[in-house]
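Asker:
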Amino acid sequence: MKILKFGGTSMADAKAWKRVLDIVGATGPGTITVVSATSGTTNSLILAADTAKSGSLEEARRISAELGEKHRQFVHTFFSLPEITDRTGLETCENHISALISLLDNYLLGIHTLGELTPKSLDAVSSIGERLSSFLLAECAKAIGTPAVWTDAAEVMLTSSDHGQAAPDMDGIFDRARRIAHHSANGRFPIMGGFYGSDVAGSITTLGRGGSDFSASIIGLAVGAEAIEIWTDVSGMYTSDPRFVPNAFSIKELSFSEAAELAYFGAKVLHPATIQPAVEKNIPVYVKNTFEPEHPGTRIFSDVHADSPVRAIAFKKDITVITVISSRMLLAWGFLAKVFAIFEKHQVSVDLVSTSEVSISMTVDKKTRLDAVQKDLEDIASVKIYHNQALISLVGKNMMQSKGVAAQAFNALSEFPIRMISQGSSDINLSVVVENEHAVEAVEALHDTFFPNLPSPENT
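Take 1 as the starting number for the sequence shown in UniProt numbering and just add one per residue.
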């Protein structure tokens with residue numbers, strides 16, 4: 001039994017849906033498929049909700065109507081394919097689209113009337129993309145003769161009530177996932193949406209943006225899958241982002257810890273939370289290309305042999321650095337605890353930490369509101385905040401024990417001003433912070449240093 005997850009670009013249009021279903025069918029009976037919303041849909045849903053809140057209900061409903069028409073065009077195009085002779089499912093698709101767009105319009109009316117967009121309301125709105133795509137894909141699968149069965153993720157993915165970033169209730173999911181396993185064992189093809197679930201009260205919740213990968217991994221753990229395949233628009237995980245580093249190439253194998261670190265520090269091809277459920281039962285994760293299905297992609301597993309201590313370079317721009325400076329740190333105990341207690345109080349997550357005798361620097365996401373954090377920190381120390389920074393991370397294995405890694409890295413970065421340096425305690429990460437404007441050049445310099453030669457085809 002395998003879990004196949006397809007992202008938004010893999011679900012971009014009717015032609016892409018057919019490609020997805022071909023991959024699912026070739027994998028064999030019992031395959032469980034998890035899908036994202038169609039490309040751009042979640043952003044449109046959030047825009048509609050924000051527009052309704054800000055006062056323009058008419059504009060919000062225009063966005064809603066466009067989403068409905070977009071999905072109607074998808075199914076009409078699909079059911080017009082020459083290999084489809086039974087078009088009875090088209091009416092079922094039409095009815096489902098109309099029902100969900102009507103539901104969306106009701107949500108938008110409520111948001112507009114109250115002038116408020118709560119996290120609970122935003123979850124209800126933003127989940128509609130997956131509720132559309134998964135149901136419609138299941139109906140399209142039936143039309144080409146695949147015995148698919150749609151599963152509403154709200155009936156399987158039991159979560160906490162932390163709207164916008166809900167945590168999975170694994171005991172509840174294990175119990176509810178039996179129905180999916182039953183369908184799979186009987187040779188059917190369960191199809192469900194990722195990203196959303198529900199709490200014990202039945203309210204729709206979401207796992208956070210990009211959470212469909214996490215959904216797939218959770219389901220894989222719950223049903224004891226033999227493999228989890230993440231299908232996207234690139235051929236695996238790369239030595240760096242190929243959009244910015246032309247010489248980057250696909251990595252054949254990564255360890256769980258390396259992949260998790262890369263995802264956390266900016267490799268957008270994989271959601272950072274995806275790996276942990278797979279680790280629990282040692283389930284291999286594959287990252288593959290929907291548009292090049294014959295490419296092996298990247299295999300992520302527990303123990304992987306590597307010839308080089310540096311496996312890849314990840315980076316993310318638009319982060320913020322907070323530096324807290326106080327002479328009271330010197331020979332003092334409890335100061336760090338006070339600093340992190342402030343971050344905990346305001347529920348601010350810190351990515352990277354670097355300390356000296358009198359200062360501590362931390363990185364946080366650009367979107368984090370820091371006014372209250374800064375005010376509380378200034379009660380105990382001097383605070384400096386640097387915006388428009390970029391975090392660059394070398395990820396690999398046994399980097400502390402490998403001679404010359406740090407020296408090579410800093411030699412490559414000698415032309416760039418460095419704001420922060422941090423070596424991960426896990427021995428698989430060495431990170432630096434530079435200004436946004438230097439990020440791509442710095443990554444290219446590092447990539448040229450650690451990957452000076454393009455790989456032969458058998459190593460990609």
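No residue lacks a Cβ here, since even glycine has one placed at the ideal position from N, Cα and C.
1. Give the secondary structure of M192 by DSSP, where H, G and I count as helix, E and B as strand, and everything else as coil.
2. List the endpoints of the continuous beta strand (DSSP E) containing F249.
3. Pairs of beta-carbons, one from the segment 215–230 and one from the segment 26–41, closer than 8 Å: are there three or more?
4. Does L336 come out as helix, strand or coil in the three-state DSSP assignment?
5. Within 10 angstroms of the Cβ of D241, are there 16 or more other Cβ atoms? Answer buried if so, exposed if not.
6. On the three-state DSSP scale, how would you describe T320?
7. G55 lies in the beta strand (DSSP E); which residues open and close that run?
8. Please state whether DSSP places E229 in a helix, a strand or coil.
9. When you compare only the Cα positions, how much space is there between V433 and M420?
10. Please check the pair I319 and L270, which I expect to be a contact at CB under 8 Å, by giving their CB distance rounded to whole angstroms.
11. In chain order, what residues of the same chain have a beta carbon less than 7 Å from the beta carbon of I251, not counting five sequence neighbours either side?
12. When we look at the beta-carbon of K316 and count the other beta-carbons within 10 Å, is it buried (16 or more) or exposed?
13. Leaving out five residues on either side along the sequence, give the residues of the same chain with a beta carbon under 6 Å from the beta carbon of I322.
14. Applying the criterion that 16 or more other CB atoms from any shown protein chain within 10 Å of the CB defines a buried residue, is S349 buried or exposed?
15. Sort G40, F301, F249 by Cα distance to A259 and report the nearest one.
16. For L47, count the other beta carbons within 10 Å of its own beta carbon; 16 or more makes it buried, fewer makes it exposed. Which is it?
17. Assuming I380 contacts A439 under a Cβ cut-off of 8 Å, what Cβ separation, rounded to an integer in Å, is found between them?
18. With L137 as the anchor, note down where its alpha helix (DSSP H) starts and where it stops.
19. Can you give me the Cβ contacts of D233 inside the same chain, cut-off strictly under 8 Å, excluding the 5 residues immediately before and after it?
20. Smallest Cα separation from R61: which of L394, I101, V304?
Answerer: This is what the structure gives:
1. Locating residue 192 in the sequence shown gives position 192, where the first residue counts as 1. Strand at M192.
2. For this step, residue 249 is matched to residue 249 along the sequence shown. Neither: F249 is in no beta strand (DSSP E) and is coded neither H nor E.
3. yes
4. Position 336 of the sequence shown, counted from the start, is the residue given in the question as residue 336. Correct three-state label for L336: helix.
5. Taking the first residue of the sequence shown as 1, we reach residue 241 at position 241. Flag for D241 reads buried.
6. In the sequence shown, residue 320 corresponds to position 320, counting from 1. Of the three classes helix, strand and coil, the one that applies to T320 here is strand, per DSSP.
7. Numbered from 1 along the sequence shown, position 55 holds the residue referred to as residue 55. Neither: G55 is in no beta strand (DSSP E) and is coded neither H nor E.
8. Along the sequence shown, one-based indexing puts residue 229 at 229. It is a strand residue.
9. Taking the first residue of the sequence shown as 1, we reach residue 433 at position 433. Taking the first residue of the sequence shown as 1, we reach residue 420 at position 420. Computed Cα separation, rounded: 5 Å.
10. Taking the first residue of the sequence shown as position 1, residue 319 is located at position 319. Taking the first residue of the sequence shown as position 1, residue 270 is located at position 270. The pair is not a contact, with the Cβ atoms about 19 Å apart (cut-off 8 Å).
11. As a position in the sequence shown, residue 251 is number 251, starting the count at 1. Here the set comprises G236, M237, Y238, T239, T298, R311, A312.
12. For the purposes of this step, residue 316 is identified with residue 316 of the sequence shown, where counting begins at 1. K316 should be labelled buried.
13. Your numbering for residue 322 matches position 322 in the sequence shown. Hits under 6 Å: M362, I385.
14. Locating residue 349 in the sequence shown gives position 349, where the first residue counts as 1. With fewer than 16 other Cβ atoms within 10 Å, it is exposed.
15. Counted from its first residue, the sequence shown places residue 259 at position 259. When each option's Cα is compared against that of A259, the closest is F301.
16. On the sequence shown, residue 47 is found 47 positions in, with the first residue counted as 1. Exposed.
17. Sequence index remark: in the sequence shown, residue 380 carries index 380 (1-based). Sequence index remark: in the sequence shown, residue 439 carries index 439 (1-based). Wrong, their Cβ atoms sit about 32 Å apart, outside the cutoff.
18. The residue labelled residue 137 in the question sits at position 137 within the sequence shown. Element bounds for L137: 128–143.
19. Along the sequence shown, one-based indexing puts residue 233 at 233. Closer than 8 Å at the Cβ level, and outside the excluded window around D233, lie G7, T9, S10, N289, T290, F291.
20. By one-based count along the sequence shown, residue 61 stands at place 61. Closest by alpha carbon: I101.
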